[in-house]
Amino acid sequence: MTPFKLSRNFAAVQILLYGLFCLVLLVSCAPDNGKAGDMTGDPQGKTVTVSPDRTTMFRNPFSGWMIYSGLGSGISENFWERYDNFPSSKGTVNVPRDYAPILLIRVIWAEANPQEGVYAWQDDCDTPQARRFKMLVRGARERNMRLAFNFGADSRDKHDNACPEYVRERGCKVFESQTGSAKVWTPYPDDPIFQECYAGFIHAFAQEFNDPDITAFAGGFGIGKWGEYHACIYSTGDDSPREQVFDFLTDTFVKEFTRIPITLNAHRWIGTGVQWDGDRFDPDSERLVQKGVDKGFSLQSAAFGMKTWFGNWEKSMLFNNRYDVPVASEGGWVKASHGDNYKGDGYRDWADVRKGEFLDAQGSCVNTMDLRYNESLEVSEAWSWFNEAYEYVERFIQEGCYRIYPDRLTLPESFGHGDKVTISHRWQNLGWSYCPTNIKQWEGRYRTAFALIDKETLQPVSIRFDEQARPSDWIKGKPRSYVFETVYDDVPPGEYAWAVGITDAWKDNRPGIFIAAKQNVTPDGWLRLMDVTVE
Numbered sequence: 358m359t360p361f362k363l364s365r366n367f368a369a370v371q372i373l374l375y376g377l378f379c380l381v382l383l384v385s386c387a388p389d390n391g392k393a394g395d396m397t398g399d400p401q402g403k404t405v406t407v408s409p410d411r412t413t414m415f416r417n418p419f420s421g422w423m424i425y426s427g428l429g430s431g432i433s434e435n436f437w438e439r440y441d442n443f444p445s446s447k448g449t450v451n452v453p454r455d456y457a458p459i460l461l462i463r464v465i466w467a468e469a470n471p472q473e474g475v476y477a478w479q480d481d482c483d484t485p486q487a488r489r490f491k492m493l494v495r496g497a498r499e500r501n502m503r504l505a506f507n508f509g510a511d512s513r514d515k516h517d518n519a520c521p522e523y524v525r526e527r528g529c530k531v532f533e534s535q536t537g538s539a540k541v542w543t544p545y546p547d548d549p550i551f552q553e554c555y556a557g558f559i560h561a562f563a564q565e566f567n568d569p570d571i572t573a574f575a576g577g578f579g580i581g582k583w584g585e586y587h588a589c590i591y592s593t594g595d596d597s598p599r600e601q602v603f604d605f606l607t608d609t610f611v612k613e614f615t616r617i618p619i620t621l622n623a624h625r626w627i628g629t630g631v632q633w634d635g636d637r638f639d640p641d642s643e644r645l646v647q648k649g650v651d652k653g654f655s656l657q658s659a660a661f662g663m664k665t666w667f668g669n670w671e672k673s674m675l676f677n678n679r680y681d682v683p684v685a686s687e688g689g690w691v692k693a694s695h696g697d698n699y700k701g702d703g704y705r706d707w708a709d710v711r712k713g714e715f716l717d718a719q720g721s722c723v724n725t726m727d728l729r730y731n732e733s734l735e736v737s738e739a740w741s742w743f744n745e746a747y748e749y750v751e752r753f754i755q756e757g758c759y760r761i762y763p764d765r766l767t768l769p770e771s772f773g774h775g776d777k778v779t780i781s782h783r784w785q786n787l788g789w790s791y792c793p794t795n796i797k798q799w800e801g802r803y804r805t806a807f808a809l810i811d812k813e814t815l816q817p818v819s820i821r822f823d824e825q826a827r828p829s830d831w832i833k834g835k836p837r838s839y840v841f842e843t844v845y846d847d848v849p850p851g852e853y854a855w856a857v858g859i860t861d862a863w864k865d866n867r868p869g870i871f872i873a874a875k876q877n878v879t880p881d882g883w884l885r886l887m888d889v890t891v892e
């Protein structure tokens with residue numbers, strides 16, 4: 358779809374437009390992007406109806422709650438024990454097993470790369486941060502969680518330098534700032550030595566983590582305050598290097614992360630020296646964000662729930678791209694650091710903040726939400742969600758995460774060897790987020806497949822792909838119907854079972870996305886439909 362274009366006059370009408378968007382959302386979080394509703398065609402055969410699973414937390418790609426952590430000294434050795442036995446208003450719960458399939462790690466460059474050629478994931482790197490990194494990664498893998506990463510390369514919010522010392526030693530131009538009593542330095546992002554060193558770090562990182570079995574997504578870039586790519590300071594004293602730096606960063610990520618999604622922060626002052634300026638926005642920010650999307654970036658924002666900083670510009674930017682690319686959300690209000698400042702947004706208490714964050718996430722049809730860790734457990738966002746807003750934890754799993762299934766199919770009960778077979782099928786999505794099989798990193802990877810499976814082993818004997826049935830088209834409130842014609846001429850006569858799945862071409866066409874069916878799903882992920890005879 359073509360994104361709605363912002364203009365210099367947009368500020369005067371954005372509130373009205375976003376209100377109209379929300380009215381549409383109440384009817385359906387979807388554009389009218391194709392025929393929906395009743396099955397088309399008149400195939401001969403038996404009709405099968407499928408009951409949906411509306412509650413299970415599926416570990417699907419780029420979907421779900423994320424435990425959010427850093428590598429600082431606030432991470433204790435009992436991090437995983439805490440999350441495995443987490444207090445909630447419903448009693449003790451196991452967060453990694455039942456709620457959060459992703460661990461998000463905020464990676465500060467100097468912590469992950471303390472010396473040139475030395476990295477936190479290497480066995481012989483034994484800094485405190487490297488030990489924490491290995492502990493987090495090992496625990497996530499033991500719990501069948503994927504990793505996600507945001508990067509930090511700006512020191513202005515830190516008491517330690519965010520960049521490794523070898524960058525400055527090689528002659529990179531830097532600027533200094535004060536964080537409390539600590540004086541820290543940050544490279545100018547337009548400096549060629551910085552760019553060479555940072556590209557080398559990202560290359561090394563991707564060599565280890567450009568793997569969809571390990572990593573859910575990577576992004577954030579790390580430039581600007583809090584690594585959120587605003588309030589940038591360039592060596593020129595103005596924003597003239599903005600586009601070159603943007604192209605350097607986006608091109609580096611696109612080159613290195615070829616198999617996992619990459620995300621770009623959708624900020625109204627992206628790449629500029631401005632942090633915020635009331636209701637104003639930079640008129641070129643939308644073009645740059647869209648330029649990133651066109652290159653293959655998904656989107657993220659770190660201000661969900663903040664009514665001032667997550668305003669109509671941000672909402673519209675995400676809303677208009679909601680089915681072109683997935684959106685990763687991060688809550689903006691932090692109990693440990695913001696005190697009761699949230700009251701300026703009109704919130705009554707932290708439970709009300711969590712509700713506001715959830716509604717912002719719903720309005721943007723996000724794919725992920727975060728559960729921020731703090732060593733002081735009761736001031737953590739994770740504790741707040743599970744004890745002050747538990748219903749929204751469950752609602753995001755049940756209503757937010759994409760939940761796809763075929764509700765009605767018609768298939769032949771028998772056919773002759775080599776005969777044309779006609780299958781009619783209709784697909785639903787019960788979640789407001791979409792299944793992002795359309796992103797550039799996954800091009801051609803996931804496909805809708807119909808299989809004849811062995812009734813005893815439940816393994817496929819023959820598979821055919823309906824290329825017209827794309828999971829990324831399945832949007833909440835818009836069922837999509839298809840008629841698929843094919844020939845199974847590679848199986849001997851016999852008794853089989855029909856099955857359907859969303860297969861992964863990178864995994865020998867085994868099912869790679871869970872179908873949200875209540876029953877008849879094989880251990881490998883095929884949805885068994887009915888018996889069939891090949892004559």
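Numbered per my numbering, the sequence shown spans residues 358 to 892.
Beta carbons: idealized from backbone N, C-alpha and C, even for Gly.
Which residues in the same chain have their Cβ closer than 8 Å to the Cβ of residue i, if we skip the five residues on either side of it in sequence?
| i | result |
| --- | --- |
| E892 | S771, F772, G773, H774, P850 |
| C482 | P471, V475, Y476 |
| W883 | A808, I810, L815, P817, A856, V857, G858, P868 |
| P793 | P418, F419, P618, S655, V682, P683, N724, W799, S829 |
| K664 | D702, G703, G713 |
| N366 | Because the pLDDT at N366 is just 39, under 50, the model does not fix this residue reliably, and the value given afterwards should be weighed accordingly. So no residue of the chain qualifies. |
| A387 | Legend: pLDDT at A387 = 40, less than 50; position of this residue unreliable, value from coordinates given subsequently. So the list reads Y680, I832, K833, G834, K835, once near-sequence residues are dropped. |
| W626 | H587, A588, Q632, W633, D634, F638, D639, S642 |
| D888 | E770, K812, E852, Y853, A854, W855 |
| N390 | Because the pLDDT at N390 is just 36, under 50, the model does not fix this residue reliably, and the point stays unresolved. |
Starting from residue i and walking both ways along the beta strand (DSSP E), at which residues does that stretch end?
| i | result |
| --- | --- |
| K403 | 403-406 |
| P763 | 761-768 |
| K777 | 777-786 |
| W422 | 421-426 |
| V524 | It is not in any beta strand (DSSP E) - V524 instead sits in the alpha helix (DSSP H) that spans 522-526. |
| P868 | 867-870 |
| R503 | 503-509 |
| A477 | Counting along the chain, A477 falls outside any beta strand (DSSP E), and DSSP gives it neither H nor E. |
| A856 | 851-861 |
| S686 | 684-688 |
Could you name the residues of the same chain whose beta carbon sits closer than 7 Å to that of residue i, not counting the 5 residues immediately before and after it, in chain order?
| i | result |
| --- | --- |
| D846 | H774, G775 |
| K652 | T607, V611 |
| L787 | P409, R411, R760, K833, A873 |
| L373 | The predicted position of L373 is uncertain, since its pLDDT is 42 and thus under 50; a value taken from the coordinates is nonetheless stated next. Nothing meets the Cβ criterion. |
Spatial neighbours of residue i within its chain, please: C-beta separation below 6 Å, excluding the five flanking residues on both sides.
| i | result |
| --- | --- |
| A708 | E745, A746 |
| N442 | T449 |
| C529 | P544, D548, I550, F551 |
| A685 | T620, Q657, T725 |
| W740 | L734 |
| V452 | Y440, F443 |
What residue range does the alpha helix (DSSP H) around residue i cover?
| i | result |
| --- | --- |
| M414 | From DSSP, M414 is part of no alpha helix (DSSP H); its letter is neither H nor E. |
| M902 | Not covered by the structure: residue 902. The range shown for the chain is 358 to 892. |
| A826 | Careful: A826 lies outside any alpha helix (DSSP H) and carries neither H nor E. |
| F436 | 436-441 |
| L675 | 669-677 |
| R454 | 452-455 |
| W466 | 466-469 |
Taking 9 Å as the cut-off, decide whether the C-beta atoms of residue i and residue j are in contact.
| i | j | result |
| --- | --- | --- |
| I870 | V857 | no |
| I590 | F532 | yes |
| V405 | T843 | no |
| A862 | R804 | yes |
| G577 | F506 | yes |
| A469 | L428 | yes |
| A826 | T860 | no |
| M726 | M414 | no |
| N509 | W583 | Before going further, note that residue 509 is Gly rather than Asn in the sequence given. Contact: yes. |
| F743 | S445 | yes |
| P521 | A467 | yes |
| Q657 | T615 | no |
| F676 | A718 | no |
Spell out whether any CB of chain C is found under 9 Å from the CB atom of residue i.
| i | result |
| --- | --- |
| L768 | Absent here is chain C; the protein component of the structure consists of one chain. |
Minimum length 4: unbroken alpha helix (DSSP H) runs contained in the segment 544-626: 549-566, 599-613
Scan the segment 632-659 and note each continuous alpha helix (DSSP H) run of 4 residues or more that stays entirely inside, going in chain order. 642-652
Pairing CB atoms from the segment 641-648 with CB atoms from the segment 557-571, are three or more of them under 8 Å? no
Does the segment 431-441 touch the segment 490-500, meaning 3 or more C-beta pairs lie closer than 8 Å? yes
At 3 residues or longer, what runs of the beta strand (DSSP E) sit wholly inside the segment 693-751? 725-729
Beta strand (DSSP E) runs wholly inside the segment 793-848, at least 3 long, in chain order: 803-810, 817-822, 837-844
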